[in-house]
Amino acid sequence: MPMIEIFSGPNCGYCARAKTLLSERNLAYSDLDISHDENRRELLKRLPRSKTIPQIFIDGEHIGGCEDLEILDQKGELKRLMDPGAQV
Numbered sequence: 000m001p002m003i004e005i006f007s008g009p010n011c012g013y014c015a016r017a018k019t020l021l022s023e024r025n026l027a028y029s030d031l032d033i034s035h036d037e038n039r040r041e042l043l044k045r046l047p048r049s050k051t052i053p054q055i056f057i058d059g060e061h062i063g064g065c066e067d068l069e070i071l072d073q074k075g076e077l078k079r080l081m082d083p084g085a086q087v
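Quick note on numbering that gives the first Met the number 0: the sequence shown kicks off at 0 and runs consecutively.
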C-alpha cells in the first residue's frame, strides 16, 4: 500500500480533518509534526502551494492540503491512488 505522510501542527483544524478522513477510509499515515522541527518547516517552504498545513504526500508525491485531499476522495481518486487496481 502506498505511504501517506501528513506534515501537520498542533491545534490545526484542517490537519485534524485530513487525519479523520484518512482514518475513516482505514488508510494508515505518518503524522510529521512541524512545530518543533525546523528541517521539516524548511522542506515545506521549498514546495509550491505549501503556505499552509497540512501538506500531504502519497508515495512522495505532493498532493496538497486538506481540501485537495477531500476533492481527491470525492472524485474517487484517493481510492485509485491507494489501490491502483480498485474499481472507482
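Beta carbons: idealized from backbone N, C-alpha and C, even for Gly.
Given the structure is predicted, the values throughout are model-derived calculations rather than measurements.
In this structure, does DSSP put residue i in helix, strand or coil?
i, result
"Ser29", "strand"
"Glu64", "The sequence as given places Gly at residue 64; Glu does not occur at that position. Gly64: coil per DSSP, three-state reduction."
"Ile52", "coil"
Are residue i and residue j close, meaning C-beta to C-beta below 7 Å?
i, j, result
"Pro53", "Gly64", "yes"
"Tyr28", "Leu20", "no"
"Phe6", "Leu31", "yes"
"Ser34", "Gly8", "yes"
Rank the options by C-alpha distance to the C-alpha of residue i and give the top, closest one.
i, options, result
"Glu60", "Ala17, Thr19, Leu80 and Ser7", "Leu80"
CA-CA distance, residue i and residue j?
i, j, result
"Thr136", "Leu42", "With the chain running from 0 to 87 in the structure shown, residue 136 is simply not present."
"Gly75", "Asp67", "12 Å"
"Glu37", "Asp82", "33 Å"
"Leu71", "Leu77", "5 Å"
"Arg16", "Arg45", "24 Å"
"Lys18", "Arg40", "19 Å"
"Phe56", "Arg24", "16 Å"
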